[in-house]
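Working notes, beginning with the structure itself.
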Amino acid sequence: MQESAPKVTKNIGFITVRYREMHGFFGGYLIVNELARPLEFHCTLPIQPTRAQQILYGNTLNEFVCGEQIARALVTKAKTIPDAILADTLSVLTLRHMHSIPIGFIDTLNEGESDLSRPNSGRTEYRRFKAFGHAMAVIPEYESDCVFFTSLFAQDKPPLDLLEPFGRIEEALLEAHPAIKAA
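Basically the working numbering = 1-based index in the sequence shown + 1204.
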């Protein structure tokens, strides 16, 4: 009997940041395997930027809070290192400046919205592309991530739904923060 080559599994991180004026910014990070089974989940407490931060960071405030504070804290806390991270919030992409893991935005806006908003990004230029039938984007300085994402899975279609985990994260965030749910 001939032994088959070991199957290489891919772990994918899904990260999101939401905003509610009354509470501030809060994020969640879910790492799943190829079967979409959770390996790790982390979330943050809400962060409310100070008035001084709002003035000093200007239109880059959301990128600072979402990418450099929340996303960085979540990824740093995780023990599992994924092959790639997908975000449904553009302002999270600044995390790529601090990590070697490819990070891409995947457009989930057509998948239904809750009353929690996604922070806008102050950046206006992104390298946009299509992968697996989804509109995606990366920061132009990391254009090589486009090639990585389009070749991440050997098949034409990824073995898991690339949008579904974001719904799980949002539900978990609402469960973890009952005050936000009630607002």
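The C-beta atom is built at its ideal place from N, Cα and C for all residues, glycine as well.
- Residue pairing by DSSP places Lys-1283 opposite no residue, since no beta bridge is assigned to it.
- For Arg-1300, the secondary structure class from DSSP, reduced to helix, strand or coil, is helix.
- Counting the other Cβ atoms within 10 Å of the Cβ of Ala-1256 gives fewer than 16, which makes it exposed.
- The region 1234–1247 makes no contact with the region 1296–1303, as fewer than three CB pairs between them are under 8 Å.
- Under the criterion of beta carbons closer than 8 Å, Ala-1341 and Phe-1309 qualify as touching, at roughly 4 Å.
- Burial of Glu-1267 is indicated by the presence of at least 16 other C-beta atoms within 10 angstroms of its C-beta.
- For Tyr-1223, there is no enclosing alpha helix (DSSP H); the residue is part of the beta strand (DSSP E) that begins and ends at 1216–1224.
- Leaving aside the five residues that flank Leu-1278 on each side, the residues in its chain whose CB is nearer than 7 Å to its CB run, in chain order, Ile-1219, Gly-1231, Tyr-1233, His-1246, Thr-1248.
- DSSP places Pro-1242 in the strand class (E or B) of the three-state scheme.
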